[in-house]
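Student:
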Amino acid sequence: MCRLRYPARTNPVLLPRRQFLKATVIASASAAFPRSLAALAVPAAAPGSDPVPATYRHWQAQARALLTPLAQLFQPGAAALPIHGPASANGVNADRLESYARPLLLAAHYLQSVPETGPDAAAAAAFRQQVAAWFRAGLVAGTTAGGPEAWGPDANYHQLHVEMGLLCLALQIAPAQLWAPLTAPEKAGVIRWLGSARHTGYVDNNHYFMGIHVLEFLRAHGDARPADAALVDTYFDRLEKLHRGNGWFQDGINQSFDYYNAYAFNFYGLWWAHLHGRENPARAARWREWSRSFTRDYEHFFAASGEHPAFGRSITYRFNAIAPFGLALLEDCTDIPPGRLRRLCTRNLDFFLRHPIYQDQGCLAVGWLDRFDASAELYTGAASPYWAAKGLAPLLLPPTHAFWHAPEEPLASEQGDHARVIPAAGLVLRSTGSEVELLNAGSQVSNTNLRYGAWKWSKTAYRTGAGFTCAFPAQTNWSADSALTLQLPDGRVYGRHSTVATELAEDHLTCSWALGFAWPQTGPADQTNVGVDTLVAWRAGWLLQVHRYDAWQPGTLRLGGYALPLALPDCTRANSAGLVSAWDPASGRGSVLQPLHGFSATEWDARLDETRPRAHLAAPYHVTPVAVSPHADGQGVLAALTWTGRDRAEAAAWTLTARTAGVWQLQHPVLGAWTIQHSLLPALPAA
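So the sequence shown is numbered by our numbering: it starts at 859 and just counts up by one.
Structure below.
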């Protein structure tokens, strides 16, 4: 198939004199964001009509709607918003700054957009003035040393510089509204406060970008120091050493490959190229090319509904996941057709905004498809979900851009069942029935990430429409669904922790890993180890899981199917004809488990009333079928089929017709024959 490549930079458009003068004023406000002028290049339209595309106006309206409940919380002289929600472990000042900086990014995207027209124009203009004025005043109040609203200086490994880096980007997105109107003394106060991040230590992960963006802002606004260039180069060198290929980065000490590749590495890197890349063209070109490779993989993460699989940390940022696409178009470093990207980004944005993701004040709440505070990480505060504002990056594209005009094209997930292998990240993304499944063979749970919940990385599969369950307290618990877990006789439970992808293909994957942990070390019995070699193959909505294990101590092994999300505690469960199944009468979705070998019992992991705390990320209730091997010891093999979807015919049982070593054949009444060949397959006795 031939793909047309659309340039991100449009041809020059002659502006009327008044519009040209307006553009000149904005340009003088900040030379750091030269392409902001492109938003003014609106083509002529018939009298009385809006020259701006309807989809652009839709995005703009969504941004304004998100700002409206925040504006109702504005207090004169304040430098924080009293948003209801959990407090983070970062401290009061960090949460206060976060409640200002993250909504500021949302405001910046909206404020720089083309002004509204028509009957609502006057009200929209007044709203813009209100928003810009409050954020300017808050910036001054928060950076006034010793003032009652002061955020205080940065410190080593503090969350403050994470918000500072974000704040610098927001000021450069909408400089005419947020920066230019400040007085010289007010700007000097902001600059001095930002300078407190110049010497501080940064966590060895994507946080180095925050130091880079703070330093570059200081240099661009007259506060350069002799060491700044060396610091920027050092931070970039450390970031680039985390690159594992094709735009994929291991997130430093986190040891994971998740959405931080999208809304950190391939977002902040392109922002630097956009704002400061002229200072180092070779580096800018490198980050643009990484983004080009990354987006080729990344478009496969999005289902036809617009949802992406919940996976990894900071799930509550939601449509933040689409952040790199707008910037990739702005920097002309993606070859995905813009009409397809408009369809993808708009569906993702609208998917979340049509769900009840708001709290009592109307602000974004912690959670995924609704408010679920327990899913928060330790660093998550009440305002944390507003990092979703990065996902509004398409508003940086002028209304003349092909993103807003090109014919829509089907998403990758709408083009039939297929798989996308991503060796650098140890992931396979597959489409099945317009849903998307992330199969994880190589993104692991580091020791530092255990406190955030191992279940965010440790499962075999993460499917859109299904979600997964959490386990609390996060650091010492593992949830059963889509996972092989070990329970020791003393009650301790372990799941997958470190994992290495050994094969990644379009029809299967293998990985090597161990169950257990070396803590606490009071004797040899505490050094738990069950070595596992795993084969996962797939067909339609089904997964075949084969686990060869070598247990150094007895225990119970459990293999969970998909966790069926339930809006109401009502479902139909059955255990017959070799299938363990659960169906939701409201959504029509089911979860099916078919044990094949090594299991002697089945059970349910479920929340169907209020006697247990909520566990499912996407719904208040859930049920998961589980196969059990209660006396696992020494060497053995476990095998089972798992399924989720809505097609009851596809959910019928398979028959194992051939079971020789290295070759299994299964037969299905709808899907037909399925032959799997692999050295991990053992010979099985006749049924």
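C-beta atoms are modelled at their ideal positions from N, C-alpha and C, and glycine is treated no differently.
My output table needs one value for Ile1534: the three-state DSSP class, helix, strand or coil.
Tutor: In the sequence shown, counting from the first residue as 1, residue 1534 sits at position 676. DSSP places Ile1534 in strand when its eight states are reduced to three.
Student: Grab me the residues of Ala1246's own chain with a C-beta within less than 7 Å of its C-beta, minus the 5 sequence neighbours each way, in chain order.
Tutor: Residue mapping note: residue 1246 aligns to position 388 of the sequence shown, counting from 1. So the qualifying residues of the chain are Tyr1175, Arg1176, Phe1177, Asn1178 and Leu1222.
Student: Between the Cα of Leu1255 and those of Gln1035, Gly949 and Tyr968, spot the shortest distance and give me the residue it belongs to.
Tutor: Here residue 1255 refers to the residue found at position 397 when the sequence shown is read from its first residue. The candidate whose alpha carbon is nearest that of Leu1255 is Tyr968.
Student: Determine the contact status of Pro1167 and Leu1362, defining contact as a CB-CB distance below 8 Å.
Tutor: Counting from one through the sequence shown, the residue named residue 1167 turns up at place 309. Counting from one through the sequence shown, the residue named residue 1362 turns up at place 504. Not a contact, by the Cβ cut-off of 8 Å.
Student: State the CB to CB distance for the pair Pro973 and Ala982, rounded to an integer number of angstroms; the pair is presumed to be in contact (CB under 8 Å).
Tutor: If you number the sequence shown from 1, residue 973 lands on position 115. If you number the sequence shown from 1, residue 982 lands on position 124. Right, the Cβ-Cβ distance comes to about 7 Å (below 8 Å), so this counts as a contact.
Student: What would DSSP say about Arg1136, mapped onto helix, strand or coil?
Tutor: As a first step, residue 1136 is located in the sequence shown; it is residue number 278 there, counting from the start. Three-state result, Arg1136: helix.
Student: Ala1372 and Val1358: beta carbons closer than 8 Å?
Tutor: On the sequence shown, position 514 is the one that residue 1372 refers to. On the sequence shown, position 500 is the one that residue 1358 refers to. Against a cut-off of 8 Å, the Cβ pair of Val1358 and Ala1372 comes out as no contact.
Student: In whole angstroms, give me the CA-to-CA distance for Gly1492 and Arg1416.
Tutor: On the sequence shown, position 634 is the one that residue 1492 refers to. On the sequence shown, position 558 is the one that residue 1416 refers to. In a straight line, the C-alpha of Gly1492 is about 16 Å away from that of Arg1416.
Student: Could you pull out every residue in the same chain whose Cβ sits closer than 6 Å to the Cβ of Ala1277, ignoring the five residues on either side in sequence?
Tutor: In the sequence shown, residue 1277 corresponds to position 419, counting from 1. Hits under 6 Å: Val1286, Arg1288 and Glu1364.
Student: Return yes when the Cβ of Cys1369 is within less than 8 Å of the Cβ of Ala1473, no when it is not.
Tutor: Against the sequence shown, residue 1473 aligns to sequence position 615. Against the sequence shown, residue 1369 aligns to sequence position 511. No, these two residues do not count as a Cβ contact at 8 Å.
Student: Assuming Leu1027 and His1071 form a contact by the criterion Cβ under 8 Å, report the distance between their Cβ atoms to the nearest whole angstrom.
Tutor: In the sequence shown, residue 1027 corresponds to position 169, counting from 1. In the sequence shown, residue 1071 corresponds to position 213, counting from 1. With a Cβ gap of about 6 Å, Leu1027 and His1071 count as contacting.
Student: Please state if the CB of Ala1509 and the CB of Val1481 are separated by a distance shorter than 8 Å.
Tutor: Translated into the one-based positions of the sequence shown, residue 1481 becomes position 623. Translated into the one-based positions of the sequence shown, residue 1509 becomes position 651. No.
Student: Counting Cβ pairs closer than 8 Å, one from the region 1208-1224 and one from the region 931-943, do we hit at least three?
Tutor: Counting Cβ pairs under 8 Å, three or more are found: they touch.
Student: Looking at C-alpha atoms only, which residue of Leu1451, Glu956, Ala1435 and Val1404 is the closest neighbour of Leu1422?
Tutor: Counting from 1 along the sequence shown, the entry for residue 1422 is found at position 564. Among Leu1451, Glu956, Ala1435 and Val1404, the Cα nearest to that of Leu1422 belongs to Leu1451.
Student: Take Leu1346 and list the residues in its own chain whose beta-carbon comes closer than 6 Å to its own, dropping the five residues that flank it on each side.
Tutor: Position 488 of the sequence shown, counting from 1, holds the residue named residue 1346. Only Gly1413 meet the Cβ criterion.
Student: 8 Å is my cut-off, CB to CB: does Pro934 come that close to chain B?
Tutor: Although the question refers to chain B, the structure presented lacks it and comprises just one protein chain.
Student: Do Glu1157 and Leu1554 count as a contact pair if the criterion is CB distance below 8 Å?
Tutor: This structure does not reach residue 1554, given that the chain is present from 859 up to 1545, and the question cannot be answered.
Student: Ser1163 by DSSP, collapsed to three states: which one?
Tutor: What you label residue 1163 is simply residue 305 of the sequence shown in a count that begins at 1. Of the three classes helix, strand and coil, the one that applies to Ser1163 here is coil, per DSSP.
Student: Expressed to the nearest angstrom, what Euclidean distance is found between the alpha-carbon atoms of Glu956 and Ala938?
Tutor: As a working mapping, residue 956 is identified with position 98 in the sequence shown. As a working mapping, residue 938 is identified with position 80 in the sequence shown. C-alpha separation (whole angstroms): 8 Å.
Student: By the 10 Å Cβ neighbour count, where 16 or more other Cβ atoms means buried, how is Gln1554 classified, buried or exposed?
Tutor: Because the chain is modelled from 859 through 1545, residue 1554 falls outside the range shown and cannot be assessed.
Student: Helix, strand or coil, according to DSSP, for Trp1512 in the structure here?
Tutor: Residue 1512 sits at position 654 when you count from the first residue of the sequence shown. DSSP places Trp1512 in coil when its eight states are reduced to three.
Student: According to the Cβ coordinates, are Trp1336 and Ser1316 closer than 8 Å?
Tutor: Locating residue 1336 in the sequence shown gives position 478, counting from the first residue. Locating residue 1316 in the sequence shown gives position 458, counting from the first residue. Yes; because the gap between Cβ atoms is below 8 Å, this pair is in contact.
Student: Tell me which residue opens and which closes the beta strand (DSSP E) that Ala1497 is part of.
Tutor: Walking along the sequence shown from the start, residue 1497 turns up at place 639. Per DSSP, Ala1497 belongs to the beta strand (DSSP E) from Tyr1479 to Gly1503.
Student: To the nearest angstrom, how far is the alpha carbon of Asp1467 from that of Phe1169?
Tutor: Counted from its first residue, the sequence shown places residue 1467 at position 609. Counted from its first residue, the sequence shown places residue 1169 at position 311. Between Asp1467 and Phe1169, the C-alpha separation is close to 26 Å.
Student: State the start and end residues of the unbroken beta strand (DSSP E) segment that holds Asp1391.
Tutor: Taking the first residue of the sequence shown as position 1, residue 1391 is located at position 533. Start and end: Val1388 to Arg1397.
Student: For Thr882, is the classification buried or exposed, using 16 other Cβ atoms within 10 angstroms of its Cβ as the cut-off for buried?
Tutor: As a first step, residue 882 is located in the sequence shown; it is residue number 24 there, counting from the start. Its pLDDT being 33, under 50, Thr882 is placed unreliably in this model, and the coordinates cannot settle the point.
Student: Have a look at Pro1257, Gln1535 and Ser1163 and flag the residue whose alpha-carbon is nearest the alpha-carbon of Glu1293.
Tutor: Reading the sequence shown from its first residue, position 435 is the one you call residue 1293. For the residues Pro1257, Gln1535 and Ser1163, the minimum Cα distance to Glu1293 belongs to Ser1163.
Student: Measuring alpha carbon to alpha carbon, tell me which of Phe1115, Val1390, Pro1196 and Ala1338 ends up nearest Val1486.
Tutor: Here residue 1486 refers to the residue found at position 628 of the sequence shown. Ranking the options by Cα distance to Val1486, first place goes to Ala1338.
Student: Determine the direct distance from the alpha carbon of Trp1522 to that of Ile1534, and round the result to whole angstroms.
Tutor: On the sequence shown, position 676 is the one that residue 1534 refers to. On the sequence shown, position 664 is the one that residue 1522 refers to. If you take the alpha carbons of Ile1534 and Trp1522, they lie about 5 Å apart.
Student: Answer yes or no: do Thr1306 and Tyr1352 have a C-beta to C-beta separation smaller than 8 Å?
Tutor: Position 448 of the sequence shown holds residue 1306. Position 494 of the sequence shown holds residue 1352. No, the pair does not count as a contact, with Cβ atoms beyond the cut-off.
Student: Going by the beta-carbon positions, is the gap between Leu1149 and Ala1122 smaller than 8 Å?
Tutor: Position 291 of the sequence shown holds residue 1149. Position 264 of the sequence shown holds residue 1122. Rather than Leu, the amino acid found at residue 1149 in this sequence is Ser. Result no, Cβ atoms of Ser1149 and Ala1122 do not sit closer than 8 Å.
Student: Any contact of the region 1200-1214 with the region 1124-1142, i.e. 3+ C-beta pairs under 8 Å?
Tutor: They do not touch, by the three-pair rule.
Student: Given a cut-off of 8 Å, decide if Gly1225 and Ile1180 are closer than it, judged by their beta-carbon atoms.
Tutor: Here residue 1180 corresponds to residue number 322 of the sequence shown, with the count starting at 1. Here residue 1225 corresponds to residue number 367 of the sequence shown, with the count starting at 1. No, these two residues do not count as a Cβ contact at 8 Å.
Student: Answer yes if the region 995-1011 comes into contact with the region 915-929, meaning at least three C-beta pairs across the two stretches below 8 Å, and no otherwise.
Tutor: Taking 8 Å as the limit for Cβ pairs, the verdict is that the region 995-1011 does not touch the region 915-929.
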